[in-house]
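Colleague:
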Amino acid sequence: MVKHIFITGGVVSSLGKGLTSAAIGMILERRGLKVSMQKLDPYINVDPGTMSPFQHGEVYVLDDGAETDLDLGHYERYTHAVLSRSSNYTTGKIYSEVIGRERRGDYLGSTVQVIPHITDAIKDAISAGVTPGSDVALTEIGGTVGDIESLPFVEAIRQFALERPREDVLFVHLTLLPFLRASGELKTKPTQQSVGKLREIGIQPDILICRTEQPMTQEMARKISMFCNVRPEAVIEERDVDFSIYQVPQMLVRSGLDRIVARHLHLPAEAETDLTDWNRMLDSMRQTTESIEIAVVGKYIELHDAYKSIYESLSHAGIKNQTRIKIRKVGAEELHAKGPALIEGVDGLLVPGGFGERGSEGKIRAIGHARETGLPFFGICLGMQCAAIEFARNVLGLKSAHTVEFAPETPHPVIHLMADQRNVHEKGGTMRLGTFPCRVRPNSLAGKLYGAELVHERHRHRFEFNNSYRAAFEQAGMQVSGVNPDRDLVEILELPSHPFFIGVQFHPEFKSRPLAPQPLFDGFIAAARDRARQRARKNDKPSQDNGPAAATPVLARPSPVAS
Ligand code: GLN
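Note that the working numbering numbers the sequence shown so that position 434 is 424, with each residue one more than the last.
1. Just the Cα atoms here: how many angstroms apart are G0 and R361?
2. Fully enclosed by the segment 254 to 341, which beta strand (DSSP E) runs are 3 residues long or longer?
3. For R422 and K179, what's the separation of their Cα atoms in angstroms?
4. What span of residues does the beta strand (DSSP E) with E228 cover, start to end?
5. Determine whether the beta carbon atoms of R154 and G192 lie at a separation below 8 Å.
6. Tell me, to the nearest whole angstrom, how far the beta carbon of I(-5) is from that of I14; I am working on the premise that it is less than 8 Å.
7. Who does M27 pair with in a DSSP beta bridge?
8. Could you tell me whether the Cβ atoms of H64 and A146 are closer together than 8 Å?
9. With 16 as the cutoff for other CB atoms within 10 Å, does L435 come out buried or exposed?
10. Go through its chain and collect everything with a Cβ distance to L265's Cβ below 7 Å, but skip five positions before and after it.
11. Cβ of T58 within 8 Å of Cβ of Y50?
12. Report yes or no: do the segment 455 to 471 and the segment 334 to 346 share at least 3 C-beta pairs separated by less than 8 Å?
13. Could you work out which residue in Q375, A252, V320, F381 is closest to R452 when comparing CA atoms only?
14. Does the beta-carbon of H392, which I'm using as the reference point, lie nearer than 7 Å to any heavy atom of the ligand GLN?
15. On the DSSP letters alone, give me the boundaries of the alpha helix (DSSP H) that E209 sits inside.
16. Classify D230: buried if its beta carbon has 16 or more other beta carbons within 10 angstroms, exposed otherwise.
17. In angstroms with no decimal places, state the Cα-to-Cα distance between I482 and G82.
18. With a 10 Å radius around its C-beta and 16 neighbouring C-beta atoms as the bar for buried, classify R348 as buried or exposed.
19. According to the neighbour-count rule (16 or more other Cβ atoms, all chains shown, within 10 Å of its Cβ), is R189 buried or exposed?
20. Can you tell me whether M(-9) is buried or exposed? The criterion is at least 16 other CB atoms within 10 Å of its CB, across all chains shown.
21. Comparing alpha-carbon positions, which option in D53, Y68, Y85 lies nearest S74?
22. Is the beta carbon of Y33 sitting closer than 8 Å to the one on T80?
23. Of the choices N474, P258, P504, S76, whose alpha-carbon is the least far from that of Q495?
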C-alpha cells in the first residue's frame, strides 16, 4: 500500500511550500524509498499555460507536454519522481472533467455537487498521481488554508485520509512565525489560527513546519505544540537559508523530520537518510571563491519566478564549474533604448524564451553585440529565434528579416509558423509541447557538449526556423547543429567561429539538476568562466585596456545573399 503525505500551507503564500515538499520527497528517496510528487492548484485556469508570467511565474513543461506549475520544477530537481499530466491538477481541470461527465450523462440524473462529485474527482486525481511502485506519494495543496477556492481540496484530503488506516496518511502543515522588529520577537498566533482553520475542516496536522527568519526557541515549540495539538518533536523549524535553497533538505534532516515521517508512516525505521553527495555539493559551493557575471536579457527580469528554471540551471552549471554565478538582470526594452552598454563587463549573455514583441529589438541588439565581441551567448527558444533574426539582418543583409509572430507580413520570415499550427485557434495546450528527439551534429560544439548524437529536450513554442533560409545561414557561417529527425526542424544553431554562440529552439532548463547540470548550460558557463579568467589575466597587466572590447571580434563570413 502506498503511503500518502499531504502538504498544506497557512498564514501567507510564498512560504516555499513547493521547495519544502520537494525536499521532503528527496529525504525519503535518500532513505531508499520510491516517491511520487503531485501538486493540486485551486485556481480556475485548466493549466497555467495561458497565464501571464506576472500572474504565475514560469510555466514548467513536462516530458508528456503538460504545462504545469513551477513547483513541479522543484520536484524534478530534488527527486527522481516521474512526473506527468496527472502530477498537476487545478480546480479548472477537475471541474472540466466533472462537467464533461455530466454532459455525457454519466451521473444518471443525479444533481452534481461539490460534495461528493467534485471531492470524488479530486480523490481520483490524487490516486491518478501515484506512479506505480511508489512507496510514498506526496501531494502539495496550493494556496493557503482558509481560502474559499482551496476548500474542496482540503475537504477531499480529509475524506481520503478517513478511508485509509491512520498510519497510511500524514498531514504536514507549513506556516510562518512572523518576526516583529518592534518587540524583537517571533509570533505564534498566526500559526495557531491557521491550524485552527485546518481543524475546523477536520484535519489535525501531524507535523508543523515553521518558516522563520529567527531561531525558534524550545519554549516556543512547546507553546505551538500545546495550542496546535501537535507533538513537540513534530514542531519543526525551517529557518531562512544563508546561501542556497539546496540547504533545505539538510536542515530538515537536522531537525529530525526524516525520522518523524518514517515513524508516523511505519516506514523502515532503521534506514539512514544518505545525503553524502548533496552535502559534498553544498561544501564545494561554500568554498567556491571565483565568480562570474551573466547577463539575462528578458522581458520579466523584475520577477524572479519568471525565469526560475533558467536561474537554477545557471547555478547548477556554476556548481560543476566551481564558480559563483552573479546574474545581471537587464530589461530588454531598456537595452533597446540604452544600448549594449548595459551588458558591458559581463562574462556571458543569456536570452531566455518569451512571447510577444515587447523588448524583442533589445534582445536582438544584445545578441548582435555578443556575436561581434566574442561574448559567450546562449539563446533559448525566443532567444534562438532572435539570434536567427539578428544574423539574417546583419550578416545576410536581409534588413527586414523577422519572425511572423511579430511581423506577419515580413518579406523575410526567417522564423515562421509551423505548418500544423496554421489552423490552431485555441490558445490552451496547443503549442509544440513536450519532449522531442534532436539529432546533434557530432563535430559541432553542441555535439561535443552532449557527447551523444541523439538527445531529447522539451519544447514549448508555435514558431520555428524557416528551412528556406537554412543554406544561406550555413554558407554564412551559422551552423545547424541539431535537427528534429522526424520533421527536419532546426533545433540548434551555432557559430563555430565564436567561442560560444548557441541558440536552441527547446528549453534545456527543464532538464538540469543540481548534481547533473544540463550539458549546454555547463558548456556556456565553462566558456564564460574561461573568458572571465582571460580578462582577469589581461587586466593584471597595467598596459592593457580594461574595457569590454578586449575580446576578439568574431566576424562571420561574407553573406552570399546580401550581395
Ligand atoms: N514565442 C515563440 C514561439 O511561440 C517562442 C516561445 C518560447 O520562447 N517559449 O515560437
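Where is the CB? At the ideal position from N, CA and C, for every residue including glycine.
Modeller: On the basis of the data shown:
1. The residue labelled residue 0 in the question sits at position 10 within the sequence shown. The residue labelled residue 361 in the question sits at position 371 within the sequence shown. Between G0 and R361, the C-alpha separation is close to 49 Å.
2. 281 to 288, 314 to 321, 338 to 341
3. Here residue 422 refers to the residue found at position 432 when the sequence shown is read from its first residue. Here residue 179 refers to the residue found at position 189 when the sequence shown is read from its first residue. Roughly 48 Å separates the two Cα atoms.
4. Taking the sequence shown and counting its residues from 1, one reaches residue 228 at position 238. Its beta strand (DSSP E) spans residues 225 to 229.
5. Start at 1 with the first residue of the sequence shown, and residue 154 comes out as number 164. Start at 1 with the first residue of the sequence shown, and residue 192 comes out as number 202. No, the pair does not count as a contact, with Cβ atoms beyond the cut-off.
6. By 1-based counting over the sequence shown, the position of residue -5 is 5. By 1-based counting over the sequence shown, the position of residue 14 is 24. The Cβ separation is near 7 Å, so the contact holds.
7. What you label residue 27 is simply residue 37 of the sequence shown in a count that begins at 1. For M27, which the question treats as bridged, DSSP gives the partners L128.
8. Position 74 of the sequence shown, counted from the start, is the residue given in the question as residue 64. Position 156 of the sequence shown, counted from the start, is the residue given in the question as residue 146. Going by C-beta atoms, H64 is not nearer than 8 Å to A146.
9. Within the sequence shown, numbered from 1, the residue matching residue 435 stands at position 445. Buried: at least 16 other Cβ atoms inside 10 Å.
10. Taking the first residue of the sequence shown as 1, we reach residue 265 at position 275. For L265, where only same-chain residues beyond five positions count, the Cβ hits under 7 Å are R20, P239, Q240, V243.
11. Here residue 58 corresponds to residue number 68 of the sequence shown, with the count starting at 1. Here residue 50 corresponds to residue number 60 of the sequence shown, with the count starting at 1. Result yes, Cβ atoms of T58 and Y50 sit closer than 8 Å.
12. no
13. Mapped onto the sequence shown, residue 452 falls at position 462. Among Q375, A252, V320, F381, the Cα nearest to that of R452 belongs to Q375.
14. Reading the sequence shown from its first residue, position 402 is the one you call residue 392. Flag unset: Cβ of H392 not near the ligand GLN.
15. Against the sequence shown, residue 209 aligns to sequence position 219. Note, E209: alpha helix (DSSP H), 208 to 218.
16. In the sequence shown, the residue the question calls residue 230 occupies position 240. Classification for D230: exposed.
17. Here residue 482 is taken as the residue at index 492 of the sequence shown, counted from 1. Here residue 82 is taken as the residue at index 92 of the sequence shown, counted from 1. Spanning the two alpha carbons is a distance of roughly 36 Å.
18. Numbered from its first residue, the sequence shown carries residue 348 at position 358. Burial call: exposed.
19. Along the sequence shown, read from residue 1 onward, the residue named residue 189 stands at position 199. When all chains shown are included, R189 counts as exposed.
20. Counting from one through the sequence shown, the residue named residue -9 turns up at place 1. Exposed, since its Cβ has fewer than 16 Cβ neighbours within 10 Å.
21. As a position in the sequence shown, residue 74 is number 84, starting the count at 1. Of the candidates D53, Y68, Y85, the one whose C-alpha sits nearest the C-alpha of S74 is D53.
22. Here residue 33 corresponds to residue number 43 of the sequence shown, with the count starting at 1. Here residue 80 corresponds to residue number 90 of the sequence shown, with the count starting at 1. Cβ atoms of Y33 and T80: closer than 8 Å.
23. Walking along the sequence shown from the start, residue 495 turns up at place 505. Checking every option, the nearest Cα to that of Q495 belongs to N474.
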